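*Asks:* Below you'll find the structure I mean.
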Amino acid sequence: MNVADRRRILGPLNAKPLQFASADGNLQDAHLQETQSGDETLYIQQGIVTNANGSAYLEIASPTKNDQHILLLASVYGPRPTRGTFSARAALSIQFKENTLEQFTAGEVKELCNFLASVFRAVINLNRYPKSGIDIFLNLIQYVGPSGTSSLEAIIPACINAIMLALIDAGIETLDTVSAGSYKGTVISFIRNGDEIVGFWADNDFDNNGSYAVTVDKCRRHYIQNRNAMLDYIVKTK
Amino acid sequence: MSEPLEVRPVSFPAEILARIAPDLSIQRHLWLGLRPCLRSFTEFRDVSISEGGISRPLRSVTGATENDILGSNVLKSGSTIVITSITGGMVEETQPATGFDEGEQELRQMSLASDRLAKYGAVYPVVEVERGRLGAPTDEEMILSQRIHDNIISSGIIPKESLKVPVGVRSRNEDGTSEIFYSGDETGGADTRNFNLKRQWSFVLYAKIQVFSRDGPLFEMCWNSLMYALQRTLLPCAFVDERTTDLKIPVRVRGRSATIRETYDIQCDPTEFKPLKLNLGNISYGSNFGVIDLDPEAQVRQTDNEMEVDSPTSVLIADLQGEAEETSIKSTLSILTDGNGKLKHLSFVGGGAKIDTDAIRKSLSLSRERALDLKSRKEAT
Amino acid sequence: MALALKQQSECLYPGYMICPEFDVVEENGKECIIKYIPSLGVAKRPFSVDGKQINVLIATLVGNLSVKLQEDLESQDAEEKDESSENSVTADQSDDESKVHKVYIVSVKDEKHIGKSVRDDFTNNLPKEGDIVLARVTRISLQRANVEILAVENQRTPIDSGVGSNGSGEVAAGGGSGAATFSVSQVSSDLGETFKGIIRSQDVRATNRDKVKIMDSFKPGDIVRARILSLGDGSNYNLTTARNDLGVVFAKASNGAGGLMYAIDWETMVAPSTGNMELRKCAKPFE
Chain A
1 MNVADRRRIL
11 GPLNAKPLQF
21 ASADGNLQDA
31 HLQETQSGDE
41 TLYIQQGIVT
51 NANGSAYLEI
61 ASPTKNDQHI
71 LLLASVYGPR
81 PTRGTFSARA
91 ALSIQFKENT
101 LEQFTAGEVK
111 ELCNFLASVF
121 RAVINLNRYP
131 KSGIDIFLNL
141 IQYVGPSGTS
151 SLEAIIPACI
161 NAIMLALIDA
171 GIETLDTVSA
181 GSYKGTVISF
191 IRNGDEIVGF
201 WADNDFDNNG
211 SYAVTVDKCR
221 RHYIQNRNAM
231 LDYIVKTK
Chain B
1 MSEPLEVRPV
11 SFPAEILARI
21 APDLSIQRHL
31 WLGLRPCLRS
41 FTEFRDVSIS
51 EGGISRPLRS
61 VTGATENDIL
71 GSNVLKSGST
81 IVITSITGGM
91 VEETQPATGF
101 DEGEQELRQM
111 SLASDRLAKY
121 GAVYPVVEVE
131 RGRLGAPTDE
141 EMILSQRIHD
151 NIISSGIIPK
161 ESLKVPVGVR
171 SRNEDGTSEI
181 FYSGDETGGA
191 DTRNFNLKRQ
201 WSFVLYAKIQ
211 VFSRDGPLFE
221 MCWNSLMYAL
231 QRTLLPCAFV
241 DERTTDLKIP
251 VRVRGRSATI
261 RETYDIQCDP
271 TEFKPLKLNL
281 GNISYGSNFG
291 VIDLDPEAQV
301 RQTDNEMEVD
311 SPTSVLIADL
321 QGEAEETSIK
331 STLSILTDGN
341 GKLKHLSFVG
351 GGAKIDTDAI
361 RKSLSLSRER
371 ALDLKSRKEA
381 T
Chain C
1 MALALKQQSE
11 CLYPGYMICP
21 EFDVVEENGK
31 ECIIKYIPSL
41 GVAKRPFSVD
51 GKQINVLIAT
61 LVGNLSVKLQ
71 EDLESQDAEE
81 KDESSENSVT
91 ADQSDDESKV
101 HKVYIVSVKD
111 EKHIGKSVRD
121 DFTNNLPKEG
131 DIVLARVTRI
141 SLQRANVEIL
151 AVENQRTPID
161 SGVGSNGSGE
171 VAAGGGSGAA
181 TFSVSQVSSD
191 LGETFKGIIR
201 SQDVRATNRD
211 KVKIMDSFKP
221 GDIVRARILS
231 LGDGSNYNLT
241 TARNDLGVVF
251 AKASNGAGGL
261 MYAIDWETMV
271 APSTGNMELR
281 KCAKPFE
């Protein structure tokens, strides 16, 4: 909060944010909970933002994971002209914003954006769009993690799915239908039916107890579920 | 030259014409009795509202603990989506420095009585229009925020009285459980000795208004969404711990012990909420209009002998939508009114087409009907 | 063609493997080598089968497959081959005689656009060399006219029926974020929302090129039909109007204050309400 921000109406300076007394109930660690993706319900809507080139809205609810709840909106702007030097391929930028509550720090958000950008740089056919830029905006409208906690890993697969659907809606060429799966705080993003990994995210010291192969396998299973759900939607809405 | 030479004029598809010559495109539409969005001149877009289910009070059962949204609304009008979320803060009221100074009290009362605006609380809105850009707010966002802020105060919707924080005291029993007593509680009864707190707090309300799929002027939509959200806002009850009520901490200023301050660790009750009391009579809903001159040159004449004798020279357009209407219609009217003919805000901007009394009269009656309709939707939810 | 028939009705999605780059089929007892060339919505990716790297065509868009025989190129190739075979007979040529070469262009098209007169996505319609575009003049100087590109007339794809464009993309002036700011007209040329272009004075007309006065050819606000000469530099495309059907198509009299004007010859426009004439480099108003 910049004190000298004169572009927004900020209200009295001595106001304090509301502090809620913690309700009686012990918080559980999100990482300890097994990611059981079998019971996720997914709601998809494309083209909801009309002034963007493409957009997708995702609602993910998983009752098994203590009311985990994600409402996410991805919108794709561009390809639009860039300025400056000539570039033969498109530039890609991804921005992430929380609309209602700010649960993640700026550092976390930046890390997330970089990760997503690296995934999609590998997937979007950037050579098709010379001297232009593709801007992707993610709006996390609501996120309630397991037992009210918030963890980035839980939303990364949703982010990747939403961006992919928005890109499809925008008609931007992508080399594959990318998606991701998560397992115990590790997120792996796959393409080509799970044969190639385009992104790997492990937070909070990668779990060495479970072998690497098991993690990859579980993530791949989750990925295939996610991807099939998206393809189902794409083919049905055609 | 026995055979006539066939020449076909170059023509553009409607979509391209709208892109390269929006003013021509809109004029051709208007001569056909339609608007580019295919609505008739004074037809409004449908509006659907929902609570959105993101505010803390209404979903406290589901165990969202990190949420401090007190009221919310999702308004959809055409393709545009407005998401309003109301959050709160707390500010300590300034109290007379020592005890009761009769003269000062009197002075305050007098000045307050003459200052109508001081009786009403504000909402501090931040409007964000999603447009695929980063950086500082645009002019539009700043103007929208300011207009909404000013209108909330001058409409007199939120009495300052209803922003006062009801403060209770939490006392810890021997067995470790805690109970909270509020001054109005009949059940508490026994423990009222600590209620003569010298300090008072008020709530500060912030509104975050997010707009997706912008497709025309936004002020009225944001305003309506905020109105719905305010009517669904619940304020938490707050309490201070019993043992902190009398806590005094000496504060040292440059080595000298100067003042003794009481600190109150004021906290909000996670379960106890009361609806925000509004002056319901002052709630208004907005609608916008535009006036555009018809360009006789753009008329698509069916036959030459069909000469227009007294065709209108300008038309009133309700609920502007789309790029073509927004760029071509510069004379606009924005009206906030309740359903009973009480006007809360009027703004006429003349640019090009003349806004005559007929247009004003017509727009006032239309906006009244619209407000009634919008009001009934709130009751329906 | 079996490939096309089989998959025409199927909905493809990004990552869908369409076919290998080269294929061999039996046709009339002859071996026929088919080469597939990726076009819109299709990309070539390496793929390993049993440890062998082959190139595979995959879909990059959602839509339906469309496969077209590339006849011009094939006949050209055939002619070249004929010539070369006449000149010198090599071991390769003997192979060629028993084989037929065919080149197919593979693309993925969205059904939504088929049968529509206008493609409303700018996305896969970015201005390319040779495209005809509609542009608005934003600034003129002695040497050049600066324009912003509003729409692409894509004459190459038949579904566009001559004129293709971005109907509602945010890339266009005044749309999307351009409109979100307070003053549409000022911002659209400043925010970098539209693709920019330059028409140099020597590219205005084909004849008498060094006598061209930009002032007498374009005025800010005019809508110009122009052809893309090159992708230009980082910020501007190079455009030309040196053709009969290129030039100003819409212009308003008195620098935008008056009504629309109509072309009466290739360098004059007239405002019907006042009868005033102004100089422009006009596009031929007839097809």
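Going line by line, the protein sequences match chains A, B and C.
Here the first sequence is numbered in the numbering used here, starting from 1 and rising by one per residue.
Here the second sequence is numbered in the numbering used here, starting from 1 and rising by one per residue.
Here the third sequence is numbered in the numbering used here, starting from 1 and rising by one per residue.
For glycine and all other residues, C-beta sits at the position ideal for the given N, C-alpha and C.
Remember, it's a predicted structure, so these values are computed and weren't measured experimentally.
Any contact between the segment 8-24 of chain C and the segment 43-60 of chain C? By contact I mean 3 or more CB pairs, one from each, below 8 Å.
*Replies:* yes
*Asks:* Report the CB separation of B:Asp-376 from B:Leu-336 in whole angstroms; it is logged as a contact under 8 Å.
*Replies:* Reading off the sequence, residue 376 of chain B comes out as Ser, not Asp. The Cβ separation is near 17 Å, so there is no contact.
*Asks:* With 9 Å as the C-beta to C-beta threshold (strictly closer), list the residues of the segment 75-89 of chain A near chain B in chain order.
*Replies:* Ser-75, Val-76, Tyr-77, Gly-78, Arg-80
*Asks:* Using a cut-off of 9 Å between C-beta atoms, extract the partners of A:Ile-191 located in chain C.
*Replies:* Gly-15
*Asks:* Out of B:Gln-267, B:Cys-222, B:Leu-364, which one is the CA nearest neighbour of B:Gly-290?
*Replies:* B:Leu-364
*Asks:* Is there contact between the segment 74-83 of chain A and the segment 46-58 of chain A, where contact requires at least three CB pairs shorter than 8 Å?
*Replies:* yes
*Asks:* Got a sec, what are the start and stop residues for the beta strand (DSSP E) C:Met-269 sits in?
*Replies:* 268-270
*Asks:* Going by Cα to Cα distance, which pick from A:Ser-182, A:Arg-221, A:Leu-18 is closest to B:Glu-92?
*Replies:* A:Leu-18
*Asks:* Give me the Cα-Cα distance between A:Ile-160 and A:Leu-126, rounded to the nearest whole angstrom.
*Replies:* 17 Å
*Asks:* State the DSSP-derived secondary structure class of B:Thr-80, mapped to helix, strand or coil.
*Replies:* strand
*Asks:* Does the distance from the CB of C:Lys-35 to the CB of C:Phe-22 come in under 7 Å?
*Replies:* yes
*Asks:* Among B:Glu-141, B:Gln-105, B:Lys-342, B:Ala-353, which one has its Cα closest to the Cα of B:Val-315?
*Replies:* Of the listed residues, the one whose Cα sits closest to B:Val-315 is B:Ala-353.
*Asks:* Can you name the residues that DSSP bridges to C:Ala-226?
*Replies:* C:Val-133
*Asks:* Thinking B:Phe-203 and B:Met-90 are a contact (beta carbons under 8 Å), I'd like their distance in whole angstroms, please.
*Replies:* Approximately 6 Å separates the beta-carbon atoms of B:Phe-203 and B:Met-90; this is inside 8 Å, confirming the contact.
*Asks:* For A:Ser-55 versus A:Ala-90, is the C-beta distance shorter than 7 Å?
*Replies:* no
*Asks:* Quick one: using the 10 Å Cβ neighbour count with 16 as the cut-off for buried, is A:Pro-81 buried or exposed?
*Replies:* buried
*Asks:* So A:Ser-182 packs on A:His-222, CB below 8 Å; how close in whole Å?
*Replies:* 6 Å
*Asks:* Using the three-state DSSP reduction, which class does A:Leu-72 fall into: helix, strand or coil?
*Replies:* strand
*Asks:* So which residues of chain A does C:Asp-233 contact, with C-beta pairs closer than 9 Å?
*Replies:* Thr-85, Phe-86, Lys-131, listed in chain order.
*Asks:* Is C:Lys-252 near the ligand MN, in the sense that its beta carbon is under 6 Å from a heavy atom of that ligand?
*Replies:* Ligands in the displayed structure: none, and consequently the ligand MN is not present.
*Asks:* Please tell me whether C:Gly-63 and C:Val-108 are closer than 7 Å, where the distance is taken between their beta carbons.
*Replies:* yes
*Asks:* For the beta strand (DSSP E) containing A:Tyr-233, list its first residue and its last residue.
*Replies:* Here A:Tyr-233 belongs to no beta strand (DSSP E); instead the alpha helix (DSSP H) covers 212-237.
*Asks:* Let me check one thing: in DSSP terms, what residues is C:Met-17 bridge-paired to?
*Replies:* C:Ile-58
*Asks:* Can you name the residues of chain B whose CB is closer than 8 Å to the CB of C:Ser-254?
*Replies:* The premise fails here: C:Ser-254 is roughly 14 Å from chain B at the closest Cβ pair, so nothing lies under 8 Å.
*Asks:* When you compare only the Cα positions, how much space is there between B:Phe-273 and B:Leu-38?
*Replies:* Cα to Cα, B:Phe-273 sits roughly 46 Å from B:Leu-38.
*Asks:* Where do the N-terminal and C-terminal ends of the beta strand (DSSP E) with C:Phe-195 fall, by residue?
*Replies:* Its beta strand (DSSP E) spans residues 195-200.
*Asks:* Out of A:Ala-117, A:Ile-9, A:Phe-86, A:Gln-46, state which residue places its alpha-carbon closest to the alpha-carbon of C:Leu-231.
*Replies:* When each option's Cα is compared against that of C:Leu-231, the closest is A:Phe-86.
*Asks:* With a threshold of 16 other CB atoms inside 10 Å of the CB of B:Leu-34, please say whether the residue is buried or exposed.
*Replies:* Per the 10 Å Cβ criterion, exposed.
*Asks:* Between C:Gly-259 and chain B, is any beta-carbon pair separated by less than 7 Å?
*Replies:* yes
*Asks:* Cutting at 7 Å between CB atoms, please list the residues of its own chain near C:Ala-179, excluding the five before and the five after it.
*Replies:* Caution applies to C:Ala-179, whose pLDDT of 33 falls short of 50 and renders its modelled position unreliable; the value that the coordinates give is listed next. There are no such residues.
*Asks:* Taking only beta-carbon positions, decide if C:Phe-290 is within less than 7 Å of chain B.
*Replies:* With chain C covering only 1 through 287, there is no way to say anything about residue 290 of chain C.
*Asks:* Taking DSSP's pairing of strands, which residues face C:Lys-252 in a bridge?
*Replies:* C:Leu-260
*Asks:* Once you ignore the five residues that flank B:Gly-322 on each side, which residues in its own chain have a CB closer than 7 Å to its CB?
*Replies:* Pro-36, Cys-37, Asp-215, Gly-216
*Asks:* Tell me which residues of the segment 36-53 of chain B have at least one Cβ-Cβ distance to chain C shorter than 9 Å, keeping chain order.
*Replies:* Along the segment 36-53 of chain B, there is no position whose C-beta sits under 9 Å from a C-beta of chain C.
*Asks:* For C:Arg-65, go through chain A and note every residue whose CB falls closer than 7 Å to its CB, in chain order.
*Replies:* For the sequence presented, residue 65 of chain C should be read as Leu rather than Arg. Simply none; closest approach about 13 Å.
*Asks:* Should A:Thr-105 be labelled buried (16 or more other beta-carbon atoms within 10 Å of its own) or exposed?
*Replies:* The residue in question, A:Thr-105, is exposed, as its Cβ has fewer than 16 Cβ neighbours within 10 Å.
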